[in-house]
Each structure stands twice: as structure tokens, then as C-alpha cells.
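Enquirer:
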Amino acid sequence: MKKIYLNIEDIFNIPTAVIYNPDMFKSIYHISIDSRDIKKNTLFIAIKGERFDGHDFIDDVVKKGAYAVIINEKYFKKLSEVEIPVITVKDTAIALGDVARLWRSKLNATVIGITGSAGKTTTKEILATLLSEKFKVNKTVANNNNHIGVPLTILSTNEKHNVLVAELGTNHFGEIPYTSKIVSPDLALITNIGDSHLEYLKNRKGVFTEKVAILIETIKNGGKVFINNNDKLLKEFGKKIKNKITFALNEKADYRAAIKGYDKLARPQIEIKSKKNVFSTTLPISGEKNVLNFTVAYAIACELGLTNSHIQKAVKKIKSYNKRLEIKNLKQFTLINDTYNANPDSMKSSLEILNRIESKKRKIAVLGDMFELGNESKSKHLDLASFINKTKVDEVYSIGKMMKLMNQKLNGKTKIHQHFIDRESLKKHLQKLEIKNSVVLVKGSRGMKMEEFVSIIESTKI
Numbered sequence: 043m044k045k046i047y048l049n050i051e052d053i054f055n056i057p058t059a060v061i062y063n064p065d066m067f068k069s070i071y072h073i074s075i076d077s078r079d080i081k082k083n084t085l086f087i088a089i090k091g092e093r094f095d096g097h098d099f100i101d102d103v104v105k106k107g108a109y110a111v112i113i114n115e116k117y118f119k120k121l122s123e124v125e126i127p128v129i130t131v132k133d134t135a136i137a138l139g140d141v142a143r144l145w146r147s148k149l150n151a152t153v154i155g156i157t158g159s160a161g162k163t164t165t166k167e168i169l170a171t172l173l174s175e176k177f178k179v180n181k182t183v184a185n186n187n188n189h190i191g192v193p194l195t196i197l198s199t200n201e202k203h204n205v206l207v208a209e210l211g212t213n214h215f216g217e218i219p220y221t222s223k224i225v226s227p228d229l230a231l232i233t234n235i236g237d238s239h240l241e242y243l244k245n246r247k248g249v250f251t252e253k254v255a256i257l258i259e260t261i262k263n264g265g266k267v268f269i270n271n272n273d274k275l276l277k278e279f280g281k282k283i284k285n286k287i288t289f290a291l292n293e294k295a296d297y298r299a300a301i302k303g304y305d306k307l308a309r310p311q312i313e314i315k316s317k318k319n320v321f322s323t324t325l326p327i328s329g330e331k332n333v334l335n336f337t338v339a340y341a342i343a344c345e346l347g348l349t350n351s352h353i354q355k356a357v358k359k360i361k362s363y364n365k366r367l368e369i370k371n372l373k374q375f376t377l378i379n380d381t382y383n384a385n386p387d388s389m390k391s392s393l394e395i396l397n398r399i400e401s402k403k404r405k406i407a408v409l410g411d412m413f414e415l416g417n418e419s420k421s422k423h424l425d426l427a428s429f430i431n432k433t434k435v436d437e438v439y440s441i442g443k444m445m446k447l448m449n450q451k452l453n454g455k456t457k458i459h460q461h462f463i464d465r466e467s468l469k470k471h472l473q474k475l476e477i478k479n480s481v482v483l484v485k486g487s488r489g490m491k492m493e494e495f496v497s498i499i500e501s502t503k504i
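Using the numbering used here, you'd call the opening residue of the sequence shown number 43 and step up by one each time.
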């Protein structure tokens, strides 16, 4: 199997690149931005981050045997004399993307691009699990889905991989168009369009405009896109596309899912119908959103040649992912750890699961602020109160400036609701709280660090 590599002709294709010591250039088989990850055939790209500047480690990587380095042109005069090729560019972060684009052009793997307001990482993990039954799969590690993480994902893919599942994220205009060009997907999907990053993307139409770039890039390259027919904006966009596969829950689509029931932990028993197949299973993860996430993963797997027996075998390997609707059926109570992040849609989805899980005693929600909602923040938090008022949630304990407004709007149906002005007060309350035979949900945006409250509950109640 022929290894993927970059030669000097490739390097000349990097915009703004000037190459010093070109006669010393050797083929590059490994690219790194981490000075600890240097092999003898490595191209090191010096990225300036929040905590470290790769330019400070040039001497170190040269000693470790790097074949070449890419640096910002401003640092060239400060550089010690080295006996390897030095490539200067105007912006090393952009050069990383350029190098990844070159690497992508050499890949034989089928590249699948995933974005969306919620469910990106879960869908990526489900899909990678299914496809691993037949293919050698590479995937985005954790949620390294930004302008640095996406190129690194491409560069971690090699000639041994048949499939790459790449996750693309954004919090400002222009990021998805940029990373989509790097990934150049053969297949692409948007999980949904929701109220995420409104501080920067303004409204749902702004979110759609940003995220739809992945579909446009895929179509431009002759690829196939997967359209969520439950999402109005995506369904409307899909009407203009020929090379598409549709999926939905309880809606007309090429892959149509239905929920036939739930178990005690709100795990859905589902059936998916397509022209060729009928597939039934109980998902090991909860929530209607995850039914859709699984359905599109199933659709892609089928389109790539997996059988129902492949997929049924893989279902047993699907699990809840780190701090994303992790449901723990503990000795005395059930805990839902959904602390990775929060937006209005995912918050409601988690509360629906809390509402559905069987409990001998109480259903308790510990909630923190939802961030990056911009001018919509107040209204979205107040909407959440209206939503909770219609559920069977017994107790709500909240923290955060916006959750205070939400808590004040809760009515008598929620038997107990209390807001805490500081973290220590909430921690002390949770330590004393009687939760035997109850179900407890903990959720909030990443910046609220709600996992600290999960640790308090677990350490004092188990």
C-alpha cells in the first residue's frame, strides 16, 4: 500500500510560502503542530495559540529530527541557523489548512462531513461505530471541530483508512465555509438548525446560512447530501437538490423512523423503513433527537453497503458519550449527566427525557445558563420556563444570571423551584438533598461547569 506523502511541489502550492534550503527537502509523511509529536519524517507547523507559541520550540523539533518547519515570516529573522528546509508564510494557522487541503487531495478514503446545531458529536460517534463493522474508519477526536482541529483530523487520516468521519463546528460566520473546503466531503449532513451561537450568528437563518456551506461544497464536488426532513429550513433547501437522501422521524423520507415504545430509562424502541429495508432495534441511548441521529447514521451506512446484520451488531457498541446524555442507573437514584453544553433545543430534549424516565419519587433538574444566545438570551430562558411548566418535573434548582429569570417564571406545577446566586450555596444544597429513588438531570452550557455539581451528587449520594 503506497504511503501518502507531500513533496516539494506540493509545498510550492501553499499560498504565500517562501522556501529556504529547498535542496534539503525530503518527502514528508507526517505533519504535526505539537513539538512532542515529532518523527524523523515530520513537517512541523508552528502555530501560535492562547498558551503556547510553536515558534518557541523550533530548535527542539529540529533536534528531534523534523524534516522541515513552517513558520510565520515575522519570525524568520529570529530563527537560529538550521540545516533543514524552512517555509515562511504570512499565517501559519491558514498554512495548516492549506497543507491539510493538499493531504485531502491524496486520500482514497470516503470523507463524510457532519455539522449541525446539536448532535454533531453523537452522530459522528454513532456513524463511526456502525461503519467500523465493515471499514477502517478515522474520525474527529472528541470535538476538535474548529479551524485547527479540522485540518488536524484530515492530517491524521492515512492510506490505511477507508472512511473519514469529520465533524465541523462553528461559532462565527465563515468557519464552516472555510473548513468545508478543507474537508471537501464526498457525503455530508447537517443534523439540524437550532438556536446555537446566536450571539454571533444572530438567528436561525444566520445559523442555516453558515452551516449549509458544507452541503454546498459537497454538491459542488459531485457528492451526496443527507437532508433532515424534520427541519423546515433543511427540507426546503433539499427541494432544490437532486443528489440527496432524506431522513426523518414520522415524516415522509427515504429513511423514515418511528418510535414504537420506550424502556424504563427512556431508551426508544425504533423502526426504520426504506425502499430496501426494515430495521428494528432498541437504541442504547435516550431521546428523540438521538433517534434522528441514529437514523441518518443508518442511512449512510446502508448507502455505503452495510447490511442490517452489520448494523444490529454495531448497535450493541453504541454508548452515551462524555457528558452528553449520560444516563447512570445508580443504586439509589438515576443520574442524567448532560453537562457538555446547552442550547434551547438540547435543553428541552434533555428535560423531555427526564420527564419520560420512570421514577418512584421525584424528577429533579439542576440547570445552568445557556450561553451565546445574544439578544435572544432572555426570551429563550423564559421560553424554557414555559416548557418546564408543562412537564412532570417536580423540582428545579438553578444557577446563573439568566436562569434566575427562568426560575422566577416557574409556576406551582413545579412543586419546588429555587435559584442559587453562587456555586457554593448550590453545592451545599445538593449535598443535603434527599434524592433516593429519584431521577436527577444536570445540564448547562460549557462555561457553567455543571459537571462540578454532578461530582457533588455522585460523591455524596452513592
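Cβ atoms here follow ideal geometry from the backbone N, Cα and C, with glycine treated the same way.
Please read all numbers here as calculations on a predicted model, not as lab measurements.
Only counting the same chain, and skipping five residues up and downstream in sequence, which positions put a Cβ closer than 6 angstroms to that of H239?
Expert: Only N213, E414 meet the Cβ criterion.
Enquirer: Does the Cβ-Cβ distance between T288 and N271 come in under 8 angstroms?
Expert: Yes, the Cβ-Cβ distance between T288 and N271 is below 8 angstroms.
Enquirer: Starting from Q460, trace the beta strand (DSSP E) in both directions and tell me its first and last residue.
Expert: Taken as a continuous stretch (DSSP letters only), the beta strand (DSSP E) holding Q460 covers 458-462.
Enquirer: Should P35 be labelled buried (16 or more other beta-carbon atoms within 10 Å of its own) or exposed?
Expert: Residue 35 lies beyond the residue range present for the chain, which begins at 43 and ends at 504; the question has no answer from this structure.
Enquirer: Taking the continuous alpha helix (DSSP H) assigned at T163, which residues delimit it?
Expert: Element bounds for T163: 162-173.
Enquirer: Does DSSP put Y117 in a helix, in a strand, or in coil?
Expert: Looking at Y117 - three-state DSSP - the assignment turns out to be helix.
Enquirer: With a cut-off of 8 angstroms, do at least 3 Cβ pairs link the region 480-493 to the region 369-383?
Expert: Flag = yes, the region 480-493 and the region 369-383 touch.
Enquirer: Return the CA-CA distance between A295 and N188, expressed in angstroms with no decimal places.
Expert: Their Cα atoms are separated by approximately 31 angstroms.
Enquirer: For N256 versus G139, is the C-beta distance shorter than 8 angstroms?
Expert: It should be pointed out that residue 256 corresponds to Ile in this sequence rather than to Asn. No, these two residues do not count as a Cβ contact at 8 angstroms.
Enquirer: Would T456 and L393 qualify as a contact pair, given that the criterion is a beta-carbon distance under 8 angstroms?
Expert: Their beta carbons are not under 8 angstroms apart, which means T456 does not touch L393 by this criterion.
Enquirer: Within 8 angstroms of any Cβ in chain D, is that where the Cβ of T337 sits?
Expert: The question asks about chain D, but that chain is absent: this structure has only one protein chain.
Enquirer: Ignore the nearest five residues each way along the sequence and tell me which others in K422's own chain have a CB closer than 7 angstroms to its CB.
Expert: If we look at K422 and ignore the five residues flanking it on each side, its Cβ neighbours are D237, P386, M412, L415.
Enquirer: Per the DSSP calculation, K427 is bridged to which residue(s)?
Expert: The sequence given here has Ala at residue 427, not Lys. Answer is none; A427 lacks a bridge partner.
Enquirer: Distance, Cα to Cα, F54 vs I89?
Expert: Whole-angstrom Cα-Cα distance: 20 angstroms.
Enquirer: Can you list, in chain order, the residues of its chain whose CB lies under 6 angstroms from that of V338, leaving out five sequence neighbours each side?
Expert: Cβ neighbours of V338 beyond the five flanking positions: L231, F268, F289.
Enquirer: Do the CB positions of V333 and L291 come within less than 8 angstroms of each other?
Expert: Against a cut-off of 8 angstroms, the Cβ pair of L291 and V333 comes out as a contact.
Enquirer: Buried or exposed for N335, going by 16 or more other Cβ atoms inside 10 Å?
Expert: Buried: at least 16 other Cβ atoms inside 10 Å.
Enquirer: Is DSSP giving G139 helix, strand or coil here?
Expert: Here G139 sits in helix by DSSP.
Enquirer: Do the CB positions of K405 and S328 come within less than 8 angstroms of each other?
Expert: It is not a contact, given that the beta carbons lie outside the stated cut-off.
Enquirer: Kindly indicate the opening and closing residues of the beta strand (DSSP E) around I11.
Expert: The first residue shown for the chain is 43 and the last is 504, placing residue 11 beyond what the model contains.
Enquirer: Let's see if you can read the secondary structure: which residues bound the beta strand (DSSP E) around Q311?
Expert: Run containing Q311: 310-315, per the beta strand (DSSP E) assignment.
Enquirer: Report, in whole angstroms, the separation of the C-beta atoms of I46 and N204, which I expect to be a contact under 8 angstroms.
Expert: Actually they do not touch by this definition, with Cβ atoms about 14 angstroms apart.
Enquirer: For the putative contact between I235 and S159, defined by C-beta atoms under 8 angstroms, what is the C-beta separation to the nearest angstrom?
Expert: About 6 angstroms; that satisfies the 8 angstroms criterion.
Enquirer: In whole angstroms, what separates the C-alpha of V124 from that of M43?
Expert: Looking at the two C-alpha atoms, the distance is approximately 34 angstroms.
Enquirer: If distances are taken between C-alpha atoms only, which option among D79, E92, T182 comes closest to K106?
Expert: Nearest option by C-alpha distance: D79.
Enquirer: Rounded to the nearest angstrom, what separates L505 and E209 at their Cα positions?
Expert: Given that the chain is displayed from residue 43 to residue 504, the structure contains no residue 505 and the question cannot be resolved.
Enquirer: Verify whether the separation of the beta carbon atoms of I87 and I360 is less than 8 angstroms.
Expert: Cβ distance not < 8 angstroms, so I87 and I360 don't count as in contact.
Enquirer: Excluding sequence positions up to five away, which residues of its chain have a Cβ less than 6 angstroms from the Cβ of A299?
Expert: Counting only Cβ-Cβ distances below 6 angstroms, and skipping sequence neighbours, we find L291, I312, I314, V333, T337.
Enquirer: Quick one: is D436 buried, meaning 16 or more other Cβ sit within 10 Å of its Cβ, or exposed?
Expert: Buried, since its Cβ has 16 or more Cβ neighbours within 10 Å.
Enquirer: How is the alpha helix (DSSP H) around Y242 delimited, first residue to last?
Expert: Run containing Y242: 240-243, per the alpha helix (DSSP H) assignment.
Enquirer: In whole angstroms, give me the CA-to-CA distance for Q282 and T260.
Expert: In the sequence as displayed, the identity of residue 282 is Lys instead of Gln. The alpha-carbon atoms of K282 and T260 are separated by roughly 14 angstroms.
Enquirer: Please name the residue or residues paired with D95 in a DSSP beta bridge.
Expert: Paired residue(s): K90.
Enquirer: Mind listing, in chain order, the continuous alpha helix (DSSP H) runs of no fewer than 4 residues lying wholly within the region 230-294?
Expert: Runs of the alpha helix (DSSP H) inside the region 230-294: 240-243, 246-253, 255-262, 274-280.
Enquirer: Based on DSSP bridge pairs, tell me the residues matched to Y62.
Expert: BP columns for Y62 point to V128.
Enquirer: Near S77, what residues of its chain come up, given a Cβ to Cβ distance below 6 angstroms and the 5 sequence neighbours on each side ignored?
Expert: Excluding positions up to five away in sequence, the list reads F99, D102, V103.
Enquirer: Which residue's Cα is closest to the Cα of E278: E175, K373, V254, N263?
Expert: Among E175, K373, V254, N263, the Cα nearest to that of E278 is on V254.
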